[in-house]
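Everything on this sheet refers to the single structure shown next.
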Amino acid sequence: MPRPKLAVWKRACCDGCQLTLLDCQDELLAMAAEIDIAHFAEASSAEAAGPYDISLVEGSVSTPQDAERIQRIRDQSQTLITIGACATAGGIQALRNFADVAEFTAAVYARPEYVRTLATSTAIADHVPVDFELRGCPIDRRQLVELISALLAGRKPHIPAHSVCYECKQRGNTCVMVAHGTPCLGPVTQAGCGAICPSFSRGCYGCFGPVAAPNTASLVPQLLQLGMTSDGVERVFSTFNVAATGFSAASRGHRADGEPAASPEDAADSGGPACGTHRPRM
Ligand code: SF4
Ligand code: SF4
Ligand code: SF4
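Letter by letter, the sequence shown follows residues 1 to 282 of this note's numbering.
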């Protein structure tokens, strides 16, 4: 029996999620016995032609070439999985979706006329059907191993759909928001990281993106009560998952009447995360 062929693809992103796959080390070696890694440019220049049984796609659709290549990847892939906030929600580069991309390129590049880019950065699922989305910036290695193992075994992956608060309580953490008044996006954020930030007495900033039906309408007044400004609330939602359904409204709204809107520079300075809608098809 030929081994299933795995391909790893990159679109607009920082490569951090591919590095998570490389970081699997022992698991990757065990997996290599079960699968044929047919395309993984971060790890090897060797390349086998498609079709592929499993494709992992990192990064967003940000250029005309991305939009064209993702169609070819989809055509060649039996199962297509998107990994990370860029691929599932457009990533931090989706800040442009709420601004003028020409202004951004003029501010960043000396010769913006040579830059070919789309006006928006969008999730892979906005362009082709996706079979499963793995959240995070970067993704969690345990979730990645679980997902690939489940695919190889032909079973449903065990990926939780609850919020970071659930994991936080499972770890026995003291709630930083209740005990210390530290703003935390855990109640509206998809679980998967093991509540890393609250475990180190820091508030969650939402890098796994919104949980299904996030109750931002309740959380935002709480954040304001804890002393965050309206700008601060917008910034904390304007990060890796800024364009994700469930976070995008909170990143744009919730401003008291008469307050000026945050500038694109303010948003770009915010430095936090935000992810896409969870659209698993498995
Ligand atoms: S999701 Fe985060 S770590 Fe992954 S590629 Fe995008 S920016 Fe990098
Ligand atoms: S610290 Fe944050 S994630 Fe943990 S229980 Fe409190 S609000 Fe939820
Ligand atoms: S920001 Fe939130 S989702 Fe991201 S690692 Fe920290 S606790 Fe987890």
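Every residue, glycine too, gets a C-beta built ideally from N, C-alpha and C.
field: Nearest-angstrom beta carbon gap, Thr88 and Asp131 [assumed within contact, 8 angstroms]
entry: Their Cβ separation, rounded to whole angstroms, is 13 angstroms, which puts Asp131 and Thr88 out of contact at 8 angstroms.
message: Shorter than 8 angstroms, the distance from the beta carbon of Pro187 to the closest heavy atom of ligand 2, or not?
response: If you check the C-beta of Pro187 against ligand 2, you find a heavy atom less than 8 angstroms away.
query: In terms of alpha-carbon separation, which member of Leu19, Ala243 and Cys197 lies closest to Ser121?
result: The candidate whose alpha carbon is nearest that of Ser121 is Ala243.
- prompt: Secondary structure at Tyr52, three-state DSSP: helix, strand or coil?
  reply: Reduced to three states, the DSSP call for Tyr52 is strand.
message: If I measure Cβ to Cβ from Ile37 and keep anything under 6 angstroms in the same chain, skipping five residues before and after, which residues do I get?
response: Around Ile37, the same chain offers Leu6 as residues with beta carbons nearer than 6 angstroms, after the five sequence neighbours per side are excluded.
message: Quick check: the Cα distance between Ala49 and Cys86, rounded to an integer number of angstroms?
response: Each residue's alpha carbon lies about 26 angstroms from the other.
- request: Determine, using beta carbons only, whether Glu42 and Ile83 come nearer to each other than 9 angstroms.
  value: Taking 9 angstroms as the Cβ cut-off, Glu42 and Ile83 do not qualify as a contacting pair.
task: Return helix, strand or coil for Ala125, following the three-state DSSP convention.
output: Residue state, collapsed to three classes: helix.
- request: In the DSSP assignment, find the unbroken beta strand (DSSP E) run with Thr245 in it and report its ends.
  value: The continuous stretches of beta strand (DSSP E) do not include Thr245, and DSSP gives it neither H nor E.
field: Identity of the residue in Ser62, Ile159 and Asp126 nearest Cys14 by Cα
entry: The candidate whose alpha carbon is nearest that of Cys14 is Ser62.
query: From Ser230 to Gly172, what distance separates their C-alpha atoms?
result: Going by the C-alpha atoms only, they are around 31 angstroms apart.
- request: Keeping to the same chain, check which residues put their C-beta closer than 6 angstroms to that of Thr216; ignore five residues upstream and five downstream.
  value: If we look at Thr216 and ignore the five residues flanking it on each side, its Cβ neighbours are Val188 and Ala250.
task: Count the other C-beta atoms from every protein chain shown that fall within 10 angstroms of the C-beta of Thr174, then say buried if there are 16 or more, exposed otherwise.
output: By the 10 Å Cβ count, Thr174 comes out exposed.
field: the region 161-168 in contact with the region 137-149 per 3-pair CB rule at 8 angstroms
entry: Touching, no, given that fewer than three Cβ pairs across the two stretches are closer than 8 angstroms.
message: Between which two residues does the beta strand (DSSP E) holding Ala38 run?
response: According to the DSSP assignment, Ala38 belongs to the beta strand (DSSP E) that extends over Asp36 to Phe40.
query: Hey, quick one: how far does the beta strand (DSSP E) through Thr82 stretch, first residue to last?
result: If you look at Thr82, you'll find it in the beta strand (DSSP E) that goes Ser77 to Ile83.
- request: Could you check what DSSP says for Leu232 in three-state terms: helix, strand or coil?
  value: One point to set straight first is that residue 232 is Gly, not Leu, in the sequence displayed. Helix.
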